[in-house]
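Report on one structure; see the data block that follows.
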Amino acid sequence: MAQNSGVAARPDTEVLAAFEAATGFMPVDEGLALYAAAAEAAARTGLPLLEIGTYCGRSAVLLAAAAREAGTVALTVDHHRGSEEQQPGWEYHDAALVDPEVGRMDTLPRFRRTLHAAGLEDHVIALVGRSPQVAAVWGTPVGLVFIDGGHTDEHATGDYEGWVPHLAGDGLLVIHDVFPDPADGGQAPYRVYLRALAEGFHEVSVTGSLRVLRRSAG
Ligand code: SAH
Ligand code: MG
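Residues 3 to 220 (the working numbering) are what the sequence shown spells out, left to right.
Pasting the structure below:
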């Protein structure tokens, strides 16, 4: 297995361009760290890479590219109706993402365009539903769990409790939007991060608000 060359894997220029062109919430430095973690987890475990929080596919492009390299697949879960802070009238609302017929957000069409443009449709399985419901019926281990879904305690905790049991022993847990200082952002992902540390994970890397964790041996 090609792993641990000592140099973090980087996405190729086409993948990076597709990532940068996609609508979403991840800066490039965090995206590179996510890709490196995904590439390592895929090479090490050979297992699917799981994301909670597809949105328009920005980070999913990176997981899909890493999965393709390793001959596995990315799984990405979202009900595609948006988080609390993405609803009309809230800070992160994008009116272009509302389905006018239904009158609610629908990020699934934009996500599909993102994947198509990136040439990565064959390397992703989109799971459209609520994270805890999907997790409850899920049955195979995954090599990476990337938590980037809802930012309330209920949702972040549900993502952790639902998916960490499916994470392989040598897999990686990645959490986005971890802000130790409340002035920088909501605290739910940070609380999940603290819980993971208390429950046998240790930190592998920090890039912006992106934390990569691994289960401690023993
Ligand atoms: N990873 C994306 C950003 C995700 S935004 C990027 O790189 O740009 C968070 C997403 O989580 C939203 O699309 C929202 O619909 C979804 N979400 C929030 N709570 C959820 C839940 N309980 N189950 C499934 N999806 C959820
Ligand atoms: Mg995020």
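Glycine included, each C-beta is placed from N, C-alpha and C at the ideal position.
Given 8 Å, three or more beta-carbon pairs between the stretch 116–131 and the stretch 99–108: no
- prompt: Looking at C-alpha atoms only, which residue of Val136, Trp165, Ile177, Pro50 is the closest neighbour of Val194?
  reply: Ile177
task: Count the other C-beta atoms from every protein chain shown that fall within 10 angstroms of the C-beta of Gln5, then say buried if there are 16 or more, exposed otherwise.
output: Caution is warranted here: a pLDDT of 47 is assigned to Gln5, below 50, making its placement in the model unreliable, and no coordinate value can be reported.
query: Closest by CA to Phe113, which one among Leu129, Glu103, Pro102?
result: Leu129
message: Quick test of the definition: if touching needs 3 or more C-beta pairs under 8 Å, does the stretch 63–73 touch the stretch 133–143?
response: no
message: Measuring straight from C-alpha to C-alpha, what distance separates Gly131 and Glu86?
response: 16 Å
message: Please report the distance separating the alpha-carbon of Asp101 from that of Ala19.
response: 27 Å
field: Residue span of the alpha helix (DSSP H) that contains Phe21, given as start and end
entry: 15–23
query: Can you name the start and end residues of the beta strand (DSSP E) that Gly145 belongs to?
result: 144–149
query: Looking only at C-alpha atoms, which of Val206, Leu212, Gly173, Gly202 sits nearest to Tyr192?
result: Leu212
task: Please confirm whether any heavy atom of the ligand SAH lies closer than 6 Å to the CB of Gly210.
output: no
- prompt: When burial is assigned at 16 or more other CB atoms within 10 Å of the CB, is Arg12 buried or exposed?
  reply: exposed
query: Of the choices Leu169, Val9, Thr209, whose alpha-carbon is the least far from that of Phe181?
result: Thr209
message: Do Asp172 and Thr74 have their beta-carbon atoms positioned less than 7 Å apart in this structure?
response: no
query: Between which two residues does the alpha helix (DSSP H) harbouring Gly164 extend?
result: 155–165
field: As assigned by DSSP and simplified to three states, the class of Gln5
entry: Note that Gln5 has pLDDT 47, beneath the 50 cutoff, so the model's placement of it is unreliable and the number below is only indicative. Coil.
- prompt: Based on the DSSP secondary-structure assignment, which residues constitute the bridge partners of Thr78?
  reply: Glu53, Ala128
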